[in-house]
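Note that full-length UniProt numbering gives residue 155 to position 155 of the sequence shown, counting from 1, and the numbers run on in steps of one. To start, the structure under review is shown below, and the notes come after it.
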Amino acid sequence: MSGRNMTVILAAVLLLFVVSNSVFVVKETERAVMLQFGEVVKPDIQPGLHWKIPFVNNVRKFDGRVLTVDAQAERFFTQEKKALIVDSYAKFKVADTLKYYTATNGEEMRAMTLLSQRINNGLRNQVAVRTIQEVVSGERDMLMESLAVDLNKVALKELGVEVVDVRVKQIDLPPDVSESVYRRMNAEREKEAREHRAQGQELAEGIQAAADREVTVIAANAYRDAELIRGEGDAIATAIYAEAFNSDPEFYSFTRSLRAYQDAFQGSGDIMLLQPDSEFFRYLKDSKGGK
């Protein structure tokens, strides 16, 4: 191989090396800054193909997607000076590449550590002005919203990141106070249960008394109506009997005597002492009753 060919090959290799070190690509999921001897000269480089001066410029790329920082669980004190163990996390993304690089040197773990510290500071301030009830359930959503707004301002100003959301994963009582709190909560629930039972018993007694009164009224009205109907029936029966008796008094007297004989002689050992001329034997002596 001639010297000229060798020179051409070396020149081509050198050109390829220079070009490869002069071109860089920023992806859609990335954010980047250009440095010149360690100083940021071009922040917030947009996605696409870009050029740089080899050995003079250096490019630092960061993840531009929404990231998650899992803050370490910390002990915070409420307004009543009660301790709570709060475990939280936050969603964030790089917003100001210059501030982000200056504050964290472009290191994602360092950014997460600094942001985690600020999350705990914000939680400490928010929990300190609320009671346990408000932190756990009453104002939990409001606490998260206030924390996200305040944290976003601080993080954007100091770290160059935008806080998308902040959430509490878990709130626990410290082991040294959980037992006493449980006993107090149990006592409060039992007191509330007793009050509900007493109110229910009072309501039940009122309903039972009203039902008993209604039953008494209904029974009295029914008895009254029954007596009226029975009286009307007896009056009708008496009228029928009277009418039948008046239509044939002799036959009525005869049937009454037969019924009296039947009732008197039912038993085998019955003894009756009567005068022979007693009215009781009137129809036995004469089928016409003595007429």
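For every residue, glycine included, the Cβ atom is placed at its ideal position computed from N, Cα and C. What you are looking at is a predicted structure, and each value in this text was computed from that prediction instead of being measured.
A direct Cα-to-Cα measurement between Ala71 and Tyr101 gives close to 21 Å. When the Cα atoms are used, Arg65 and Lys91 turn out to be separated by approximately 10 Å. Taking the Cα positions, Gly233 is about 15 Å away from Tyr223. In this structure, DSSP gives Lys42 an extended state, which the three-state scheme calls strand. Segment contact: the region 97-114 against the region 156-165, three or more CB-CB distances shorter than 8 Å; contact assigned.
Under the three-state reduction of DSSP output, Glu74 falls in the strand class.
Between the alpha carbons of Glu139 and Arg130 lies a gap of roughly 8 Å.
Per DSSP, the beta bridge partners of Gly48 are Val26. Counted as a single uninterrupted DSSP element, the alpha helix (DSSP H) harbouring Asn152 occupies residues Arg140 to Glu158. In this structure, the beta-carbon distance from Pro47 to Lys61 does not fall below 8 Å. CA-CA distance, Arg259 to Tyr241, rounds to 16 Å. Classified as exposed, Met142 has fewer than 16 neighbouring CB atoms from the shown chains inside 10 Å of its CB. For Leu114, there is no enclosing beta strand (DSSP E); the enclosing alpha helix (DSSP H) covers residues Glu108 to Ala128.
Boundaries of the alpha helix (DSSP H) around Ala103: Thr97 to Thr104. Of Phe37, Pro54 and Val40, the smallest CA-CA separation from Phe24 is found for Pro54.
A Cβ-Cβ distance of about 16 Å is found for the pair Ala155 and Arg124, leaving them out of contact under the 8 Å criterion.
A distance below 7 Å between beta-carbons, with the five flanking residues on each side excluded, links Trp51 to the following residues of its chain, in chain order: Ser22 and Val23. Linking Lys93 to Glu179 through their CA atoms gives a straight-line distance of about 41 Å.
Leu10 and Asn58 have their C-alpha atoms spaced approximately 25 Å apart. Where Gln170 is concerned, the enclosing beta strand (DSSP E) starts and stops at Val161 to Asp172.
With respect to Val56, Ile45 sits apart: the two C-beta atoms are not nearer than 8 Å.
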